[in-house]
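S.K.: Okay, so the sequence shown: first residue is 1350 according to the working numbering, each after it adds one.
Take a look at this one; I'll ask things after.
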Amino acid sequence: MTEFLQVLLNGLVIGSLYVLVAVGFTLIFGVMGVMNVAQADFYALGAFVMIWLSVNAGLGLVVGAIVGMLSGIAFGLLYYTLVLSRLGEKDFLAAFLASVGVSYFIENLLTSVVGSQGQAVPALLPDTFHTWFGLVISNPQLLLLGCTIVITVALLIVLSRTPFGRDVRAIAESRFLAAASGVNVRGVMIGSVVIASVIATIGGVLVSSTTLTITPFSGGDVVLQMFVVAIVAGMGSVGGAAIAGFGLGIVESLTVNYWNSEWEMVSGLLVMVVVLIFRPQGLFGKRVRIG
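The following block contains the structure:
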């Protein structure tokens, strides 16, 4: 029984990465209707900002980590200004294709600067292990899991109990009616993109300091899982994305430990197919009538 619970705990830690990437992806889709592939690459950018400032610039790990986490503000503003503001409000398909292009640009830019090999990442906390009721977890894993839960809960509170969250929900229902009601649609969109980007860069710092390595392609490596989580949850459901992200991590952990590691990625796809067969709108999505 303890072994099974340990596998579940490991799955929650793995799922933390998927949650931190997918909730931002889902938030942007809910507000703008855009599938932002580049969301996953902001995760890698946050980690590289931390490495550059803490190691190359010699500013220290604390400064590097804080700036790396907050770098999502600049990335989000830049991305909205150059891409989403020009395409996202007019042509959703063009915005999606542009996000794919931005994703490839980020990966190639990082490769040209640091190379394609993995970069060592300093740990934010000593790699000390704790044992509770037979379950083992390290300091970095505990920090990652704890921060993911706190960030997710905080985001859900903001979306459900603040004027900004009310405006987000209104735009998600109907952008035109929200604008007619006096909602600052453009401001809410910018805020949503910035929040999503910051969550991704926070994830990059926390996850990379747990795995102690990062590559220019680390963001691209989780794009598939990001889509799986968003689709299983239901496009636009932030709370559902958090649950599905942790769930996908558990599914992959169970698959690796009790089946075959080669099926790790396939297991999530199988779950997605099953969900789409019985609930095409996702587990937490709303059924939309067309026609």
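Idealized CB from N, CA, C, for every residue including glycine.
For the structure I just gave you, are there three or more beta carbon pairs, one from the stretch 1517 to 1536 and one from the stretch 1383 to 1395, closer than 8 Å?
M.R.: Not touching, per the Cβ criterion.
S.K.: Is there contact between the stretch 1414 to 1427 and the stretch 1562 to 1579, where contact requires at least three CB pairs shorter than 8 Å?
M.R.: With the cut-off at 8 Å, the stretch 1414 to 1427 and the stretch 1562 to 1579 do not touch.
S.K.: On the DSSP bridge list, what partners appear for ALA1469?
M.R.: According to DSSP, which records beta bridges pairwise, ALA1469 is partnered with THR1562.
S.K.: Can you give the Cα-Cα distance for VAL1554 and PHE1454, rounded to whole angstroms?
M.R.: When rounded, the distance between both Cα atoms is 21 Å.
S.K.: What is the rounded straight-line gap between the Cα of ASN1609 and the Cα of THR1375?
M.R.: The straight-line gap from Cα to Cα measures roughly 30 Å.
S.K.: Closer than 8 Å by C-beta to SER1530: which residues in its own chain qualify, once you throw out the five before and the five after it? Chain order, please.
M.R.: Result list for SER1530: ALA1519, in chain order.
S.K.: Pick helix, strand or coil for TRP1608, following the three-state DSSP scheme.
M.R.: DSSP places TRP1608 in coil when its eight states are reduced to three.
S.K.: Determine whether the beta carbon atoms of GLY1634 and SER1546 lie at a separation below 7 Å.
M.R.: No, Cβ-Cβ distance for GLY1634 and SER1546 is not below 7 Å.
S.K.: Return the residue from the list LEU1494, SER1541, GLU1456 and VAL1578 that minimises the CA-CA distance to ILE1592.
M.R.: It is VAL1578 whose Cα lies nearest to the Cα of ILE1592.
S.K.: Is it a yes or a no for the stretch 1505 to 1512 touching the stretch 1485 to 1497, going by three-plus beta-carbon pairs under 8 Å?
M.R.: No, they do not touch.
S.K.: I'd like to confirm the pairing. Which residues does DSSP put opposite PHE1513 in its beta bridges?
M.R.: Per DSSP, none; premise fails for PHE1513.
S.K.: When we look at the beta-carbon of LEU1427 and count the other beta-carbons within 10 Å, is it buried (16 or more) or exposed?
M.R.: By the neighbour-count rule (16 or more Cβ atoms within 10 Å), LEU1427 is not buried but exposed.
S.K.: Cα separation between VAL1368 and GLY1379?
M.R.: The straight-line gap from Cα to Cα measures roughly 16 Å.
S.K.: Tell me the DSSP secondary structure of PHE1633 in three-state form.
M.R.: Coil.
S.K.: So, for SER1557: in the same chain, excluding its five sequence neighbours on each side, which residues have a beta-carbon less than 6 Å away from its beta-carbon?
M.R.: Cβ within range, chain order: ALA1396, VAL1470 and ILE1563.
S.K.: By Cβ distance below 6 Å, which residues in the same chain neighbour SER1586 in space, the five residues on each side in sequence not counted?
M.R.: Excluding positions up to five away in sequence, the list reads PHE1633 and GLY1634.
S.K.: Buried or exposed, going by whether 16 or more other CB atoms sit within 10 Å of the CB of ALA1406?
M.R.: Per the 10 Å Cβ criterion, exposed.
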